[in-house]
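In what follows, a structure is listed as structure tokens, so that the remarks can point back to it.
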Amino acid sequence: MKPVLLATGGTGGHIYPALALARALAACGYEVAFIGQQGGLEAKLVPDAGFAFWGVRAGKYDRSRPDPRQAVRAALGLSDALAALRRLRPALVVGFGGFAAFPGLAAARLSGVPWALHEQNAYPGLVTRLFARGARFIGVAQPGVAAHLPRAARERVVTVGMPVREERLPKSEARRRLGLPEAVTLTLVLGGSQGSALLNRAVPEAFAALGAQAPHWVLHSSGAAHLETVRAHLQSCLSPSQRERYRVAPYLDTVLAWSAADLGVTRAGTGTLAEAAFHGVPLLMVPLSTAADNHQLHNARAVARDRAGTVVEERDLQPVTLAAAWRHLLEPETRARAAAAARERSPAGATARLCERVVQELNPPRAPRSPRTLGEQETA
Ligand SMILES: CC(=O)N[C@H]1[C@@H](OP(=O)(O)OP(=O)(O)OC[C@H]2O[C@@H](n3ccc(=O)[nH]c3=O)[C@H](O)[C@@H]2O)O[C@H](CO)[C@@H](O)[C@@H]1O
34 MKPVLLATGG
44 TGGHIYPALA
54 LARALAACGY
64 EVAFIGQQGG
74 LEAKLVPDAG
84 FAFWGVRAGK
94 YDRSRPDPRQ
104 AVRAALGLSD
114 ALAALRRLRP
124 ALVVGFGGFA
134 AFPGLAAARL
144 SGVPWALHEQ
154 NAYPGLVTRL
164 FARGARFIGV
174 AQPGVAAHLP
184 RAARERVVTV
194 GMPVREERLP
204 KSEARRRLGL
214 PEAVTLTLVL
224 GGSQGSALLN
234 RAVPEAFAAL
244 GAQAPHWVLH
254 SSGAAHLETV
264 RAHLQSCLSP
274 SQRERYRVAP
284 YLDTVLAWSA
294 ADLGVTRAGT
304 GTLAEAAFHG
314 VPLLMVPLST
324 AADNHQLHNA
334 RAVARDRAGT
344 VVEERDLQPV
354 TLAAAWRHLL
364 EPETRARAAA
374 AARERSPAGA
384 TARLCERVVQ
394 ELNPPRAPRS
404 PRTLGEQETA
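The sequence shown begins at 34 in this note's numbering and counts up by one.
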């Protein structure tokens, strides 16, 4: 059977929805492989999840600094990807946006292999805009994307939602597996797939400013590169008893972490927001102000409009302001209302919808035979 090749990488926001689709396709008996950047986050996450990975020479294209080396790297990545497609002979390539998806999609276009796309953000990224024309379909996580795509591609846009790993554990079991006490209020701190230097600094300071709270613990994902800095920061700004209640890890299994959490302090990447909604966890969001087209602020405001969380903008980020917003969300009534509103936003079913659309593409309906043809066959 020809495999489905998923072109993805760069950040968790692009990789995790592809992994969710891969699991669903594999469960239906389809063969799946991935193509992404050699040495990228995907080169670890994909084999860890048990799927075949082809690494190609890809790199982020810096539009502000055109450099011939970027063009050379793109050409090398394309030749790697063409070789991979010759070898794998995929039935379909599905691209998830971001620079790491570029070589696989470009190779598909050049080799005559059909391709499809999934776009996670409300404003489509460059790769989605480049490959929308000619795509078999463009699955989108949020409505309103079509207006930003070439006219010829718009009718092939389908709103499927944001695929997340639709697994939940009982809170008590998740906490036990994380080594956390059961009868406490737990805030999960997540700064996106690479961690956030800003949250790493501000959240421990806000925790100190919160003062005495009913048993309240924190589980904080620092990002692999920031673990030691955060540990040193906790030593300097928290008392020993506060440190006892503040756990830090370089990277978390987020099915466990969201299952255990009562509240999140996060950036506002699409993946994080969708997972929080799936798990019914209210959020205190600090959107990344440098995200393309400030899309994290738009993402966060949509959550706040639905009353599933609160936004604190970077420019207002002081330990006391963060602590005040945090204290408010910790109040049991506020938290319960926001958790119910979060559940209303759940993306449950998105993976199945995307999978179904891919399966349709792999098994196109046979053209109905005309009565005349049938008649001819009968008399033949
Ligand atoms: C800097 C940047 O370009 N960010 C973009 C990137 O977000 P980025 O990938 O950083 O953030 P997202 O919130 O979209 O996704 C993070 C993912 O990493 C996972 N995770 C995180 C920490 C951890 O310890 N363990 C773990 O598994 C989360 O569960 C989540 O699935 O892609 C998103 C989707 O295109 C965009 O909306 C973001 O703006």
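C-beta atoms are modelled at their ideal positions from N, C-alpha and C, and glycine is treated no differently.
- Query: By Cβ distance, which residues of its chain are closer than 6 Å to A229, with the 5 residues on each side in sequence left out?
  - Reply: Counted from its first residue, the sequence shown places residue 229 at position 196. The residue you asked about is not Ala; residue 229 is Ser in the sequence shown. Excluding positions up to five away in sequence, the list reads R300.
- Item | Every unbroken beta strand (DSSP E) inside the segment 269-354 [3 residues or more] | You should have 279-282, 296-299, 316-318, 342-344.
- Give a yes or no on contact between the segment 147-157 and the segment 75-82, applying the rule of three or more CB pairs nearer than 8 Å. Contact fails: fewer than three Cβ-Cβ distances are below 8 Å.
- Message: Taking its Cβ as the centre, do 16 or more other Cβ atoms sit within 10 Å of P237, making it buried, or is it exposed?
- Response: In the sequence shown, the residue the question calls residue 237 occupies position 204. With 16 or more other Cβ atoms within 10 Å, it is buried.
- Kindly list the residues whose CB is nearer than 7 Å to the CB of S2, restricted to its own chain and excluding five residues on each side of it in sequence; keep chain order. Because the chain here runs from 34 to 413, residue 2 falls outside it and cannot be looked at.
- Message: Quick check on this structure: which residue in V391, L231, S274 has the alpha carbon closest to the alpha carbon of P426?
- Response: The requested residue 426 does not occur in the structure, where the chain is confined to residues 34 to 413.
- Rounded distance between the beta-carbons of L121 and L38, thought under 8 Å: The residue given as residue 38 occupies position 5 in the sequence shown. The residue given as residue 121 occupies position 88 in the sequence shown. So it is a contact: roughly 6 Å between Cβ atoms.
- With L115 as the anchor, note down where its alpha helix (DSSP H) starts and where it stops. Position 82 of the sequence shown, counted from the first residue, corresponds to residue 115. That run of the alpha helix (DSSP H) goes 101-121.
- Message: Please determine whether the Cβ atom of S226 lies at a distance below 8 Å from any heavy atom of ligand 1.
- Response: Along the sequence shown, one-based indexing puts residue 226 at 193. Within the cutoff, so yes.
- beta strand (DSSP E) containing T192: first to last residue? Walking along the sequence shown from the start, residue 192 turns up at place 159. Looking at the DSSP string, the run of the beta strand (DSSP E) that includes T192 is 190-192.
- Query: Is A324 near ligand 1, going by C-beta to nearest heavy atom under 8 Å?
  - Reply: As a working note, residue 324 is residue 291 in the sequence shown. Yes - ligand 1 has a heavy atom lying nearer than 8 Å to the Cβ of A324.
- For M34, is the classification buried or exposed, using 16 other Cβ atoms within 10 angstroms of its Cβ as the cut-off for buried? Taking the first residue of the sequence shown as position 1, residue 34 is located at position 1. Label assigned to M34: exposed.
- Item | For E366, the first and last residue of its enclosing alpha helix (DSSP H) | Start at 1 with the first residue of the sequence shown, and residue 366 comes out as number 333. For E366, the enclosing alpha helix (DSSP H) stretches over residues 365-377.
- Give the single residue among L296, T262, R234, A324 whose Cα lies nearest to the Cα of Q351. For the purposes of this step, residue 351 is taken as residue 318 along the sequence shown, with counting starting at 1. Nearest Cα to Q351 within the set L296, T262, R234, A324: R234.
- In the segment 129-216, which residue ranges form an unbroken alpha helix (DSSP H) of at least 4 residues, counting only runs that do not cross its ends? 135-144, 159-164, 184-187, 204-211
- Message: Please tell me whether L285 and L223 are closer than 9 Å, where the distance is taken between their beta carbons.
- Response: Counting from 1 along the sequence shown, the entry for residue 285 is found at position 252. Counting from 1 along the sequence shown, the entry for residue 223 is found at position 190. Against a cut-off of 9 Å, the Cβ pair of L223 and L285 comes out as a contact.
- Note down the Cα distance separating A66 from P99, rounded to an integer number of angstroms. Here residue 66 refers to the residue found at position 33 of the sequence shown. Here residue 99 refers to the residue found at position 66 of the sequence shown. Computed Cα separation, rounded: 32 Å.
- Quickly, what does DSSP pair L39 with across the bridge? List them, please. In the sequence shown, counting from the first residue as 1, residue 39 sits at position 6. Per DSSP, F67, V127.
- Message: Quick check on DSSP: helix, strand or coil for T218?
- Response: Counted from its first residue, the sequence shown places residue 218 at position 185. Here T218 sits in strand by DSSP.
- Do three or more CB pairs link the segment 383-399 to the segment 165-181 at distances below 8 Å? yes
- Does the beta-carbon distance from T41 to E64 come in below 9 Å? The residue labelled residue 41 in the question sits at position 8 within the sequence shown. The residue labelled residue 64 in the question sits at position 31 within the sequence shown. Result no, Cβ atoms of T41 and E64 do not sit closer than 9 Å.
- Item | Alpha-carbon spacing of A60 relative to E199, whole angstroms | The residue given as residue 60 occupies position 27 in the sequence shown. The residue given as residue 199 occupies position 166 in the sequence shown. When rounded, the distance between both Cα atoms is 14 Å.
- Taking contact to mean at least 3 C-beta pairs separated by less than 8 Å, is the segment 253-273 in contact with the segment 374-388? no
- Message: Assuming P196 and P50 are in contact, meaning their beta carbons sit under 8 Å apart, how far apart are those beta carbons, in whole angstroms?
- Response: Stepping through the sequence shown from its first residue, residue 196 is reached at position 163. Stepping through the sequence shown from its first residue, residue 50 is reached at position 17. 4 Å between Cβ atoms; contact.
- Message: H47 and F129 - do their beta-carbons sit closer together than 9 Å?
- Response: Indexing the sequence shown from 1 puts residue 129 at position 96. Indexing the sequence shown from 1 puts residue 47 at position 14. Taking 9 Å as the Cβ cut-off, F129 and H47 qualify as a contacting pair.
- Task: Pull up the CB-CB distance for L111 and A133, whole angstroms please, since I reckon it's below 8 Å.
- Result: In the sequence shown, the residue the question calls residue 111 occupies position 78. In the sequence shown, the residue the question calls residue 133 occupies position 100. Actually they are not in contact, since the Cβ atoms of L111 and A133 sit about 13 Å apart, beyond 8 Å.
- The beta strand (DSSP E) spanning H249 covers which residue range? As a first step, residue 249 must be located in the sequence shown, where it is residue number 216. Here the beta strand (DSSP E) through H249 covers 249-254.
- Message: By the DSSP assignment, the beta strand (DSSP E) with F86 in it spans what residues?
- Response: Position 53 of the sequence shown, counting from 1, holds the residue named residue 86. For F86, the uninterrupted beta strand (DSSP E) segment begins and ends at 85-89.
- Task: State the Cα-Cα distance for the pair G45 and S226, rounded to the nearest angstrom.
- Result: Position 12 of the sequence shown holds residue 45. Position 193 of the sequence shown holds residue 226. Each residue's Cα considered, the two are about 5 Å apart.
- Task: Using alpha carbons as the reference points, say which of H331, L252, A381, A239 lies closest to A357.
- Result: Within the sequence shown, residue 357 is the residue found at index 324, counting from 1. Nearest C-alpha to A357: A239.
- Any non-hydrogen atom of ligand 1 closer than 8 Å to H266 Cβ: Counting from one through the sequence shown, the residue named residue 266 turns up at place 233. Because no heavy atom of ligand 1 lies under 8 Å away, the Cβ of H266 does not count as near it: no.
- Item | A57 - containing alpha helix (DSSP H), residue span | Working through the sequence shown from its first residue, we reach residue 57 at position 24. Element bounds for A57: 45-60.
- Q227, enclosing alpha helix (DSSP H) - first and last residue: Numbered from its first residue, the sequence shown carries residue 227 at position 194. Secondary structure note for Q227: it is in no alpha helix (DSSP H), with a DSSP letter that is neither H nor E.
- Task: Specify whether the segment 305-325 and the segment 274-283 touch according to this definition: at least 3 beta carbon pairs, one from each stretch, less than 8 Å apart.
- Result: no
- Item | Simplified DSSP state of R96, which is helix, strand or coil | The residue you call residue 96 lines up with position 63 of the sequence shown. Note: R96 maps to coil in three-state DSSP.
- Which residues in the same chain as A413 place their Cβ atom closer than 6 Å to its Cβ, once the five residues preceding and following it in sequence are excluded? What you label residue 413 is simply residue 380 of the sequence shown in a count that begins at 1. Its pLDDT being 36, under 50, A413 is placed unreliably in this model, and the value from its coordinates should be taken loosely. Contacts found: none.
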